[in-house]
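Please read the structure below before turning to the comments.
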Amino acid sequence: MSTAKGLAGGLPLGATLLGEKVENIFSFGQHGSTFGANPVCCAAALSVLERLNDDFLKEVKEKGDFLFDFFSKSKGIEDISGMGLMIGLKTKRNAKDIISEAIDAGILLLSAKDKVRLLPPLNIDFELLKKAAETIVKICEKQV
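Last residue of the sequence shown: 147 in this note's numbering, with the numbers rising by one and none dropped.
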């Protein structure tokens, strides 16, 4: 399995993880990575791993559950997909318009085809998350 992105809290770091059945497939020096072994990024990854405990993951799940429930009540949102805090919203309005208005309101959103994509940091304060969700719903419900 290969992993990156959240491994070092946004710093460039990637890793290839091998299970016991294939752990000896590479010998030393056979496999390299553009984003591997940077000391600063490895220190960041260690910090990330130290914070990933059961309580933290429980909070992440609660935040994701809150967003799914909150967005499901909006008349401007047709469908919700995703897991945890990685969420896609199929909206009645054009996704690009919503993203543009959200940026004007201080919220950075992305698009994924015709969906609005949310990727808030896992450690986001709940009140800030709630305020952002309320703003997103207001934007989605404009002219609906």
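Quick reminder that beta carbons are idealized off the backbone N, C-alpha and C, glycines included.
Checklist line | Residue range of the unbroken beta strand (DSSP E) whose run includes Gly85 | finding: On the sequence shown, residue 85 is found 82 positions in, with the first residue counted as 1. Counting along the chain, the beta strand (DSSP E) containing Gly85 begins and ends at 80-86.
Notebook entry, point to check: For Lys95, does the three-state DSSP call read helix, strand or coil?
Noted result: Here residue 95 corresponds to residue number 92 of the sequence shown, with the count starting at 1. Looking at Lys95 - three-state DSSP - the assignment turns out to be coil, as it is neither helix nor strand.
Notebook entry, point to check: What residue range is occupied by the uninterrupted alpha helix (DSSP H) comprising Leu49?
Noted result: As a first step, residue 49 must be located in the sequence shown, where it is residue number 46. 42-54 is the extent of the alpha helix (DSSP H) around Leu49.
Note to self: Helix, strand or coil for Ala105? Go by DSSP, reduced to three states.
What the structure shows: Position 102 of the sequence shown, counted from the first residue, corresponds to residue 105. In this structure, Ala105 counts as helix in the three-state DSSP scheme.
Margin query: I'd like to check one pair, Gly12 with Ser50: are the Cβ atoms closer than 8 Å?
Written below: Your numbering for residue 50 matches position 47 in the sequence shown. Your numbering for residue 12 matches position 9 in the sequence shown. The Cβ atoms of Ser50 and Gly12 sit closer than 8 Å to each other.
Check: Residues bridged to Lys118 by DSSP?
Finding: The residue given as residue 118 occupies position 115 in the sequence shown. Per DSSP, Lys93, Ala115.
Margin query: Taking the straight line between their C-alpha atoms, what separation do you get for Asn126 and Glu65?
Written below: Locating residue 126 in the sequence shown gives position 123, where the first residue counts as 1. Locating residue 65 in the sequence shown gives position 62, where the first residue counts as 1. Taking the straight line from one Cα to the other gives about 12 Å.
Check: When DSSP labels each residue in this structure, what does Thr6 get in the three-state scheme?
Finding: Counting from 1 along the sequence shown, the entry for residue 6 is found at position 3. Reduced to three states, the DSSP call for Thr6 is strand.
Check: Would you say Ala98 and Ser114 are within 8 Å of each other, going by their C-beta atoms?
Finding: Working through the sequence shown from its first residue, we reach residue 98 at position 95. Working through the sequence shown from its first residue, we reach residue 114 at position 111. Against a cut-off of 8 Å, the Cβ pair of Ser114 and Ala98 comes out as a contact.
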